[in-house]
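What follows is a short report on a single structure.
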Amino acid sequence: MTYEQANKAMPYATRNVEVLERLGWECKQCNATGYVGVTAKGCGAIKCPICRGKGVLKYSWTPQVGEWCMNNKFLKGSPLIITKGNCPDPKYYTPILEWEEIERVLKKVGYKLKIRETSQGEYFALIKGQTEVGGIGKSRQQAVMRAVIELGKELENDNTRSI
Numbered sequence: 019m020t021y022e023q024a025n026k027a028m029p030y031a032t033r034n035v036e037v038l039e040r041l042g043w044e045c046k047q048c049n050a051t052g053y054v055g056v057t058a059k060g061c062g063a064i065k066c067p068i069c070r071g072k073g074v075l076k077y078s079w080t081p082q083v084g085e086w087c088m089n090n091k092f093l094k095g096s097p098l099i100i101t102k103g104n105c106p107d108p109k110y111y112t113p114i115l116e117w118e119e120i121e122r123v124l125k126k127v128g129y130k131l132k133i134r135e136t137s138q139g140e141y142f143a144l145i146k147g148q149t150e151v152g153g154i155g156k157s158r159q160q161a162v163m164r165a166v167i168e169l170g171k172e173l174e175n176d177n178t179r180s181i
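Written out as structure tokens, the structure reads:
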């Protein structure tokens, strides 16, 4: 991702991360039970070291060299590329995720992402799973980020319907 692309993606970054952090997928190590094996005496199971006994894994961001992020306090500032010398604290920074990373997270949760170019030269991203939502943008990045925001709205609507 270039500086210009990261700058254009900034308005969607925070909401995208919020949506991805709400999604969860079953831990394969413990088959979503939260426990693995049995102790030597046979009296109890051991908490799964992967999911820490929860049975579900959630998305979380660890800053990596070469990734783009933005300062949570200065949302109108410039995007920052992470280097060895400036690795930020995730509490104060939000990642600007590339669409390929978003696709990996969606796939883990059971969603499929399809992207196609429209006849007008824009891109349409479709997220299919328990629900189906889409987003249109001038780039793949923008289309995917808009589709994730729509997914978040749909998930919120589903939560309010079930209450």
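Reading the sequence shown from the start, the letters are residues 19 to 181 in the working numbering. Note that the Cβ used here is the ideal one computed from N, Cα and C, for glycine as well.
Asked	Found
At a cut of 8 Å, does the region 124 to 143 reach the region 108 to 116 through at least three beta carbon pairs?	no
From the DSSP output, in three-state form, read off R134 for me.	strand
What did DSSP end up calling E116 once you bin it into helix, strand or coil?	coil
What do you get for K91, buried or exposed, if any count of 16 or more other CB atoms within 10 angstroms of its CB means buried?	exposed
Could you tell me if E121 is buried or exposed, where buried requires 16 or more neighbouring beta carbons within 10 angstroms of its beta carbon?	buried
For a test of the three-state rule: what should DSSP assign to L98, helix, strand or coil?	strand
Based on the DSSP secondary-structure assignment, which residues constitute the bridge partners of A143?	I133 and G153
Check for me: the alpha helix (DSSP H) holding L38 runs from which residue to which?	Y21 to R40
Which stretch, first to last residue, makes up the beta strand (DSSP E) that contains N89?	W86 to N89
Taking the CB atoms as reference points, tell me whether P97 and Y21 lie closer together than 8 Å.	yes
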